[in-house]
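Sequential numbering from 36 applies to the sequence shown in this note's numbering. The block underneath contains the structure these notes are about, expressed in structure tokens.
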Amino acid sequence: NKPLGDGRFQFDSAMTGIRVRRGTEFKAGDVIGTLNAMNHVHMIAGPSGDEMNALDALILPGVADTTPPVIEEVEFFDQNWLPVETKGGSERIKLANGARVVVRAFDRMDGNPERRRLGVFRLGYQVLNSDRSPVTEINWNISFDRNPSPDAVRFAYAPGSKSGATGETIFRYIVTNKVSGEAFGEGFFDTANLASGKYILRAFAADYFGNTTTKDISFEVAK
């Protein structure tokens, strides 16, 4: 190990809780840290307790993203977390009461390896008629433009989600719930205002740079 030798970084023996005084200046090309074997770093900006996405505050040279998120699957569950499924392959899913909508999705940035799966910046859904004309506006219920409360985790991610240094990464977002900054809560897809008939639910997944993916799932309201 080599001594850090840079007085701008203040710490007490162990390299944890490193402090940089307010007003300290850095020039382009200055070394500000190293990466571990996993080769990634987490960045936030803003005062403690009011952190924001670092991309809102920093201009990072060479950062580009033209790769849209990937939606792998869209599922319906009832309020007791029982899956709402069709009885036959040609039938539509039938909804009669409030339901949960879970979207399995992930994101990538330009240059990421195929195995890399990142979380999605923003998710939501919209209801369409069978001819794809809109019934509702897009409900952007989940947004990570601000660091959410730790208590919001179970409202953002459905059971079965997992992420780690090894193994498969799975993000299953409960897009009927609300998670945005400090605001979070449980919600359901309410069919009470829909007449009996056939509809389409369109799931949306968007990244910070505006790339957006959609996936449609047909359903029927039976009253």
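Glycine residues also receive a C-beta, built at the ideal position from the N, C-alpha and C atoms.
May I have the straight-line CA-CA distance separating V256 from Q161, to the nearest angstrom?
Taking the straight line from one Cα to the other gives about 15 Å.
Hey, out of G245, N246, F219, F239, whose CA is closest to E108's CA?
F239
To the nearest whole angstrom, what separates the beta carbons of I53 and F61, a pair I think is in contact under 8 Å?
With a Cβ gap of about 14 Å, I53 and F61 do not count as contacting.
The alpha helix (DSSP H) with F190 in it runs from where to where?
Counting along the chain, F190 sits inside the alpha helix (DSSP H) bounded by residues 188-191.
Does DSSP classify D142 as helix, strand or coil?
DSSP places D142 in strand when its eight states are reduced to three.
What is the DSSP secondary structure of F44, counted as helix, strand or coil?
strand
Classify L130 as helix, strand or coil using the three-state DSSP reduction.
strand
Under the rule that 16 or more other beta-carbon atoms within 10 Å means buried, what is L93, buried or exposed?
exposed
Under a three-way DSSP split, which group does P118 fall into?
strand
Buried or exposed: where does D242 fall if 16 or more other Cβ atoms within 10 Å of its Cβ makes it buried?
D242 comes out buried.
Tell me where the beta strand (DSSP E) around A218 begins and ends.
The continuous beta strand (DSSP E) containing A218 extends over residues 218-220.
Would you list the residues sitting across from I106 in a DSSP beta bridge?
A140
When you compare the CB positions of D144 and T102, do they come within less than 8 Å of one another, or not?
Note on residue identity: the sequence assigns Met, not Asp, to residue 144. It is a contact, given that the beta carbons lie within the stated cut-off.
Where N36 and S83 are concerned, what is the direct C-alpha to C-alpha distance, given to the nearest angstrom?
Confidence at N36 is low in this model, with a pLDDT of 44, below 50, so its placement is unreliable and no value can be given for it.
May I ask you to verify whether the segment 167-180 touches the segment 146-153, counting CB pairs closer than 8 Å and requiring at least 3?
no
Which one of L163, T247, P185, F141 has the shortest CA to CA distance from S196?
Of all alpha-carbon atoms in L163, T247, P185, F141, the one lying nearest the alpha-carbon of S196 is that of F141.
From D213 to V66, what does the alpha carbon distance come to, in whole angstroms?
According to the sequence displayed, residue 213 carries Lys and not Asp. Each residue's CA atom was taken as its position, placing K213 and V66 some 39 Å apart.
May I ask you to report which of helix, strand or coil DSSP gives D166?
coil
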